[in-house]
């Protein structure tokens with residue numbers, strides 16, 4: 006294997022098995038574990054009363070039935086988060102008890118109609134409930150299962166007096182995820198909170214980067230500058246890994262086909278960083294042109310083929326909405 010360790014890449018279930026169940030639900034995480042994922046990934050936001058819960062964003066109109074709940078109509082508002090104006094309902098305006106009355110729904114119903122059949126069945130899980138699920142599954146299966154939380158908008162929440170770090174680290178330690186030997190990574194698109202976490206914990210940290218823009222907590226900084234040789238060396242002073250958008254590892258040409266690897270993996274490995282790109286999904290809509298099957302954007306294409314191209318580039322792990330397919334691709 007061309008990975009930094011020489012071992013096969015790890016499979017990280019992106020929001021659970023979110024290609025087959027509504028994302029960030031216990032059902033989605035359970036299915037991902039059943040499919041053989043090495044890690045499950047909860048995105049963490051906070052409630053008004055300071056409880057960590059799993060949602061893709063703190064604005065929850067796309068992933069819950071809050072818009073259909075007349076008792077919360079007055080909570081709809083407009084906020085600016087990381088420079089983006091958003092209208093909707095936000096977790097920090099709800100207590101945990103109130104959020105627990107809501108039900109999850111499919112975020113991409115146009116592409117995943119089968120997932121929408123589960124709308125209304127599942128609660129919003131707390132981070133502790135997710136860790137309890139992992140503990141039960143570990144006892145049942147006799148092996149460790151990894152967790153890969155993302156701190157969502159940590160600077161924004163900190164300004165509200167709500168911190169990710171203390172409750173997250175406390176819960177991780179309580180459930181056996183305390184250091185580099187444990188199957189746990191903490192990830193963030195911000196820089197400052199990773200530097201702060203580096204001084205508080207031995208848990209492995211991953212700097213997320215995208216092909217555009219830059220970290221929301223550093224004015225004028227770009228992700229492009231952060232993935233130069235000098236930038237990667239700086240990341241390695243506080244983090245153990247890099248989480249790039251997959252086009253930063255292998256871009257697409259004008260026809261939408263994969264090009265040659267960019268060299269980012271080799272550069273990151275030289276700095277001592279593992280590389281875990283995101284996100285691998287089976288629908289034609291998301292796949293490179295050379296791995297699509299037919300023209301219907303909803304139909305599955307050759308996700309295994311795409312994953313094998315990234316394995317050849319040396320990635321150390323990958324985020325997938327379809328962990329079962331990803332596991333099969335790695336095993337072949």
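In the numbering used here, the protein residues as written are 6 to 337. Where a beta carbon is used, it is the ideal one built from N, C-alpha and C, also for glycine.
Mind checking which residues open and close the beta strand (DSSP E) that includes residue 18?
15-19
Measure the CB-CB distance between residue 139 and residue 129 and report whether it falls below 8 angstroms.
Cβ atoms of residue 139 and residue 129: not closer than 8 angstroms.
Cutoff 7 angstroms; reference residue 261; Cβ partners in own chain excluding five residues on either side:
Closer than 7 angstroms at Cβ, skipping near neighbours: 293, 294.
Nearest to residue 165 (by Cα), restricted to the options 323, 118, 11, 98:
Comparing Cα-Cα distances from residue 165 to each of 323, 118, 11, 98, the minimum goes to 98.
Based on Cα-Cα distance, which residue from 177, 132, 94 lies nearest to residue 82?
94
What are the complete alpha helix (DSSP H) segments, minimum 4 residues, inside the region 230-271?
Runs of the alpha helix (DSSP H) inside the region 230-271: 234-240.
Neighbour-count burial assignment, residue 217, 16 or more Cβ in a 10 Å radius
Per the 10 Å Cβ criterion, exposed.
Alpha carbon to alpha carbon, how far is residue 35 from residue 325?
So the two alpha carbons sit approximately 15 angstroms from each other.
List, from N- to C-terminal side, the beta strand (DSSP E) runs of 3 residues or more that fit wholly inside the region 151-215.
190-193, 209-214
Which residue's Cα is closest to the Cα of residue 77: 158, 103, 313?
When each option's Cα is compared against that of residue 77, the closest is 103.
Using the Cα positions of residue 10 and residue 244, report the straight-line distance between them to the nearest angstrom.
17 angstroms
Identify the continuous alpha helix (DSSP H) that holds residue 132 and give its terminal residues.
For residue 132, the uninterrupted alpha helix (DSSP H) run begins and ends at 132-146, by DSSP.
Pair every Cβ in the region 154-174 with every Cβ in the region 193-205, then say whether three or more of these pairs are closer than 8 angstroms.
yes
Is it right to say residue 275 is buried, meaning 16 or more other beta carbons lie within 10 angstroms of its own, or is it exposed?
exposed
Beta-carbon proximity list for residue 74, same chain, < 6 angstroms, skipping 5 on both sides
none
With which residues is residue 58 paired in a DSSP beta bridge?
50, 131
Residue range of the unbroken beta strand (DSSP E) whose run includes residue 65:
No beta strand (DSSP E) holds residue 65; DSSP gives it neither H nor E.
Take the Cβ of residue 301 as the centre, count every other Cβ of all protein chains shown within 10 Å, and call the residue buried at 16 or more, exposed below.
exposed
Beta-carbon proximity of residue 110 to residue 48, cut-off 8 angstroms:
no
Kindly indicate the opening and closing residues of the alpha helix (DSSP H) around residue 336.
328-336
With a Cβ-Cβ cutoff of 8 angstroms, do residue 116 and residue 303 count as a contact?
yes
With 16 other CB atoms within 10 Å as the buried threshold, where does residue 131 fall?
For residue 131, the number of other beta carbons within 10 angstroms of its own is at least 16, and it is reported as buried.
Where residue 87 and residue 223 are concerned, what is the direct C-alpha to C-alpha distance, given to the nearest angstrom?
11 angstroms
Measure the C-alpha to C-alpha separation of residue 327 and residue 288 and round it to an integer number of angstroms.
Residue 327 and residue 288: Cα-Cα distance of roughly 10 angstroms.
Span of the beta strand (DSSP E), counted from its first residue to its last, around residue 310
Premise fails: residue 310 lies in the alpha helix (DSSP H), 308-317, not in any beta strand (DSSP E).
Buried versus exposed, by CB contacts within 10 Å (16 or more), residue 90
exposed
Which class does residue 11 belong to by DSSP, given the choice of helix, strand or coil?
Of the three classes helix, strand and coil, the one that applies to residue 11 here is coil, per DSSP.
So what does DSSP say about residue 111, is it helix, strand or coil?
coil
Thinking just about the alpha-carbon of each residue, which of 43, 39, 183, 118 is nearest to the one in residue 14?
Ranked by how close their Cα comes to the Cα of residue 14, the residues 43, 39, 183, 118 have 43 in first place.
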